[in-house]
Amino acid sequence: TDTSLIRNFSIIAHIDHGKSTLSDRLIQLCGNVSSREMKEQILDSMDIERERGITIKAQTVRLDYKHSDGKTYQLNLMDTPGHVDFAYEVSRSLAACEGAILVVDASQGVEAQTLANVYQALDNDLEILPVLNKVDLPAADVDRVKSQIEDVIGLDASEAVGVSAKTGLNVEAVLAAIVERLPAPKEGDPSKPLKAMLVDSWYDAYLGVIVLVRIIDGKLKRGQKVKMMSTNATYQIERVGIFRPKQEMLTELGPGEIGFFTAAIKEVADTRVGDTITDEKNTTVQALPGFKPAQPVVFCGLFPVDAADFEDLRDAMGRLRLNDASFSFEAESSAALGFGFRCGFLGLLHLEIITERLEREFNLDLITTAPSVIYHLHMTDGSVVDLHNPADMPDTVKIDHIEEPWIEATILVPDDYLGAVLKLCQDRRGRQKQLTYVGTRAMLQYELPLNEVVFDFYDRLKSVSRGYASFDYQIKGYEQNDLVKLSILVNDEPVDALSMIVHRTRAESRGRAMCEKLKELIRPHLFKIPIQAAIGGKVIARETISALRKDVIAKCYGGDISRKRKLLDKQKAGKKKMREFGKVEIPQEAFIAALKMD
Ligand code: GTP
1 TDTSLIRNFS
11 IIAHIDHGKS
21 TLSDRLIQLC
31 GNVSSREMKE
41 QILDSMDIER
51 ERGITIKAQT
61 VRLDYKHSDG
71 KTYQLNLMDT
81 PGHVDFAYEV
91 SRSLAACEGA
101 ILVVDASQGV
111 EAQTLANVYQ
121 ALDNDLEILP
131 VLNKVDLPAA
141 DVDRVKSQIE
151 DVIGLDASEA
161 VGVSAKTGLN
171 VEAVLAAIVE
181 RLPAPKEGDP
191 SKPLKAMLVD
201 SWYDAYLGVI
211 VLVRIIDGKL
221 KRGQKVKMMS
231 TNATYQIERV
241 GIFRPKQEML
251 TELGPGEIGF
261 FTAAIKEVAD
271 TRVGDTITDE
281 KNTTVQALPG
291 FKPAQPVVFC
301 GLFPVDAADF
311 EDLRDAMGRL
321 RLNDASFSFE
331 AESSAALGFG
341 FRCGFLGLLH
351 LEIITERLER
361 EFNLDLITTA
371 PSVIYHLHMT
381 DGSVVDLHNP
391 ADMPDTVKID
401 HIEEPWIEAT
411 ILVPDDYLGA
421 VLKLCQDRRG
431 RQKQLTYVGT
441 RAMLQYELPL
451 NEVVFDFYDR
461 LKSVSRGYAS
471 FDYQIKGYEQ
481 NDLVKLSILV
491 NDEPVDALSM
501 IVHRTRAESR
511 GRAMCEKLKE
521 LIRPHLFKIP
531 IQAAIGGKVI
541 ARETISALRK
551 DVIAKCYGGD
561 ISRKRKLLDK
571 QKAGKKKMRE
581 FGKVEIPQEA
591 FIAALKMD
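Residue numbers for the sequence shown, in the working numbering: 1 to 598.
What follows is the structure, given as structure tokens:
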């Protein structure tokens, strides 16, 4: 295909502003899917995605659009996920496009996520086409949102297209604008050696690993032998195709085009996103700059409630990992929880999605331990150790200092809730960088330690702002702080799964809150149970669960006081023994409670 007839674009939007609805409309208008098939939202294919209304896996659909100039254009629409945890997937989809449609809900206006995505698109030199959606709503205020886009983002919004993705109103104008206002791919040379960018890959039960590519130069053909430049691994192309959104097989892809191939690749892990694919023999091409792999930033332990489910859990996690290289896990064991896994995630939503899928799709009952970030331990011998699990913290005398990750957060919130949001950020050790206004909403720039955000920051933010605040962040870097390991001891035994790293100034209040919570959650036993929070050997908070008292003197009537005393003494001795050897049952809720602390 002539590259001047190709348009590669993504749709970027804040969650719920209508990206999926608009995508479906565009697909439908180009005649790709019958309206019967329209019943299902096409791009959001996974169950949980659909329920939560978010899109996880980026995919691309090719549309044929006949423009009023009489020519038929090839439009490649790349779907991008909307949540902060998946910002990495957004950035790599953007790298394969020349343009982006920015969907803004005309009744809501610009949100934090919109800003983050637009800045990413601008960083990738994309042309941005603003589209105001939901103009059918009485609360839609097109002029206000247009000037917001101009003031806040600095984009010319005078020609922004107003549409209703729901009713279909004016959606055709979006297709025309894509052709007229977004650039075609830079002209590639079909006769040059193959140079293609690996955009994404995933595992398909029927076809195996599917690799999504953007061709820069040359051609990718069925039967061709190709080489991945980062690993030097070679493969023979089995199938070449595109999605419409159903798979359609082709014989080749040329410059500017986006499509997929399969090549008997065994695992998604054998493909590197951002890698350059070239012809096996003709390898003169210069590799593309590539991407840094998505690194897990939040870690937690996952343990089966029933120890017999351990192998099933391992299998289930292996299956999920086939399609999600950013999810990592390795076996660990805990004195309190038995055998389980230490898992790494891109963020809290990613953690929730994975645990929910394990429970729902694989029918597993799980205990999730408190999430942790990666700390850098600078040891006295000069080495630096990454700590993923607070339980593994070495002896403090060997540690010189500890660094923790910090984020830069952008929060948009209506004026009425500003005070509550400022307090929340302050309570989480935040540093205010900037406060400006977007219409009647405050735009806050804050620096926060990630470990204060992984607890329940997002939930708290939503609750103190009645759901009106929007939030986005990126990792800023590591900073040294006065951090300590807080251990929780139940019946004098440290419970490894409850230990956490906290700032020294927060240790006491968090320790006390933990002890109080555990006191409520652990049922009384026949012996007294001390619950303590400690830093090193020093106890900083303590609660005691009194013993259930078996009534040993009930049968002694009357006055034989010495016999009574003897029985009571005997009971005491028995209790002491139990306390030493007794095992306290800690309920699952206790571990979950550790997740939600304030
Ligand atoms: P994520 O996949 O979570 O990023 O959301 P999204 O941006 O894809 O939003 P989606 O298309 O799922 O739409 C969110 C909600 O807005 C749905 O309930 C839609 O029915 C509704 N919606 C989308 N477009 C319009 C519109 O033009 N008018 C009205 N009134 N509602 C719309």
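In this text, a Cβ means the ideal position worked out from N, Cα and C, and glycines have one as well.
inquiry  = I'd like the list of long-range same chain contacts for Ile-433, defined as Cβ closer than 8 Å, with 5 residues on each side in sequence excluded.
reply    = The identity of residue 433 in the sequence shown is Lys, whereas the question assumes Ile. Glu-408, Gln-445, Tyr-446 and Glu-447, listed in sequence order.
ask   = Going by alpha carbons, who is nearest to Phe-243 out of Phe-303, Arg-7, Leu-424 and Ile-27?
value = Nearest C-alpha to Phe-243: Ile-27.
key: Separation of Met-228 from Val-464, as counted between CA atoms   = The straight-line gap separating the alpha-carbon atoms of Val-464 and Met-228 is approximately 49 Å.
request  = Grab me the residues of Arg-542's own chain with a C-beta within less than 6 Å of its C-beta, minus the 5 sequence neighbours each way, in chain order.
outcome  = Excluding sequence neighbours, Arg-542 sits near Gln-532.
task = Please determine, among Ala-391, Val-142, Gly-347 and Lys-225, the residue with the shortest C-alpha to C-alpha distance to Ala-160.
result = When only C-alpha atoms are compared, the closest one is Val-142.
message = In this structure, how does DSSP classify Lys-166 when only helix, strand and coil are distinguished?
response = Here DSSP, grouped into helix, strand and coil, assigns Lys-166 to coil.
query = Assuming Leu-198 contacts Ile-277 under a Cβ cut-off of 8 Å, what Cβ separation, rounded to an integer in Å, is found between them?
reply = Confirmed, Cβ separation roughly 6 Å.
ask   = Should Leu-194 be listed as close to ligand 1, given that the test is whether its C-beta is under 7 Å from any heavy atom?
value = For ligand 1, not one heavy atom lies less than 7 Å from the Cβ of Leu-194.
message = Which complete beta strand (DSSP E) runs does the region 231-286 hold, if anything under 3 residues is left out?
response = Runs of beta strand (DSSP E) with 3 or more residues, each lying fully within the region 231-286, are found at 234-236, 239-243, 247-250, 258-262 and 276-279, listed in chain order.
task = Ignore the nearest five residues each way along the sequence and tell me which others in Ile-210's own chain have a CB closer than 7 Å to its CB.
result = Contacts found: Ser-201, Trp-202, Asp-204, Phe-260 and Thr-262.
inquiry  = Can you look up Gly-439 in the DSSP assignment and give me helix, strand or coil?
reply    = Gly-439: coil per DSSP, three-state reduction.
request  = Can you tell me which of the three DSSP states Lys-195 falls into?
outcome  = DSSP places Lys-195 in strand when its eight states are reduced to three.
inquiry  = Can you check which of these residues, Phe-329, Ser-470, Asp-482 and Arg-272, is closest to Pro-414 by C-alpha distance?
reply    = Measuring C-alpha to C-alpha distances from Pro-414 to each of Phe-329, Ser-470, Asp-482 and Arg-272 identifies Ser-470 as the nearest.
query = Opposite Leu-412 in the DSSP bridges: which residues?
reply = Within the DSSP secondary-structure output, Leu-412 pairs in a beta bridge with Met-443 and Ser-470.
key: Sub-8 Å separation of Ser-93 and Met-78 beta-carbons   = The Cβ atoms of Ser-93 and Met-78 lie closer than 8 Å to each other.
ask   = Applying the criterion that 16 or more other CB atoms from any shown protein chain within 10 Å of the CB defines a buried residue, is Ala-609 buried or exposed?
value = With the chain covering only 1 through 598, there is no way to say anything about residue 609.
request  = Give the range of the alpha helix (DSSP H) segment to which Arg-510 is assigned.
outcome  = Looking at the DSSP string, the run of the alpha helix (DSSP H) that includes Arg-510 is 504-521.
ask   = Could you give the C-beta distance for Ile-354 and Phe-362, rounded to a whole number, given that I count them as a contact under 8 Å?
value = That belief does not hold up - the Cβ atoms of Ile-354 and Phe-362 are roughly 11 Å apart, past 8 Å.
key: Separation of His-350 from Leu-122, as counted between CA atoms   = Straight across, the Cα-Cα distance linking Leu-122 with His-350 is about 26 Å.
query = Assuming Phe-329 and His-388 make a contact with CB atoms under 8 Å, what is their CB distance in whole Å?
reply = Taking the Cβ atoms as the reference, Phe-329 lies roughly 11 Å from His-388, outside the contact range of under 8 Å.
task = Report the residue from Arg-466, Arg-428 and Asp-381 whose alpha carbon sits nearest the alpha carbon of Asp-416.
result = Looking at the Cα atoms, Arg-466 is the closest of the given residues.
request  = Starting from Arg-62, follow its DSSP beta bridges and name the residues at the other end.
outcome  = The partner list for Arg-62 (beta bridge, DSSP) reads Asn-76.
ask   = Is Asn-170 near ligand 1, going by C-beta to nearest heavy atom under 7 Å?
value = False, no ligand heavy atom lies under 7 Å from that Cβ.
inquiry  = Shorter than 7 Å, the distance from the beta carbon of Leu-137 to the closest heavy atom of ligand 1, or not?
reply    = Leu-137: yes, Cβ under 7 Å from ligand 1.
key: Reduced DSSP category for Lys-423 - H, G, I as helix; E, B as strand; rest coil   = Residue state, collapsed to three classes: helix.
Selection from Glu-252, Glu-238 and Val-285 that minimises the alpha carbon distance to Ser-230 = Taking only the C-alpha atoms, the option nearest Ser-230 is Val-285.
ask   = Helix or strand or just coil, what does DSSP make of Asp-204?
value = The DSSP-derived three-state label of Asp-204 is strand.
key: Under the three-state DSSP convention, the category Thr-544 falls into   = For Thr-544, the three-state secondary structure derived from DSSP is strand.
message = Here's a check: name, in chain order, each residue in its chain whose Cβ is nearer than 7 Å to the Cβ of Leu-364, leaving out the five neighbours to either side.
response = Excluding sequence neighbours, Leu-364 sits near Pro-304, Asp-309, Asp-312, Leu-313, Ala-316 and Leu-358.
query = Going by the CB atoms, is the gap between His-67 and Ala-184 shorter than 8 Å?
reply = Inclusion of Ala-184 and His-67 in the CB contact set at 8 Å is not warranted, their separation being larger than that value.
Residues bridged to Lys-485 (per DSSP) = Answer is Ile-501.
query = What do you reckon, is the C-beta of Asn-117 under 7 Å from a heavy atom of ligand 1?
reply = No; taking the cut-off as 7 Å, the Cβ of Asn-117 has no heavy atom of ligand 1 nearer than that.
query = Between Gly-154, Glu-187, Thr-234 and Asn-451, which lies nearest to Ile-6 when the distance is taken from Cα to Cα?
reply = The candidate whose alpha carbon is nearest that of Ile-6 is Glu-187.
inquiry  = Measuring only from the beta carbon, is Ser-470 closer than 7 Å to any heavy atom that is part of ligand 1?
reply    = No, since every heavy atom of ligand 1 falls outside the 7 Å radius drawn around the Cβ of Ser-470.
query = Would you report the Cα separation of Cys-425 and Asn-133, rounded to the nearest angstrom?
reply = Spanning the two alpha carbons is a distance of roughly 32 Å.
ask   = How is Lys-433 classed by DSSP in three states: helix, strand or coil?
value = In the displayed model, Lys-433 falls within a strand according to three-state DSSP.
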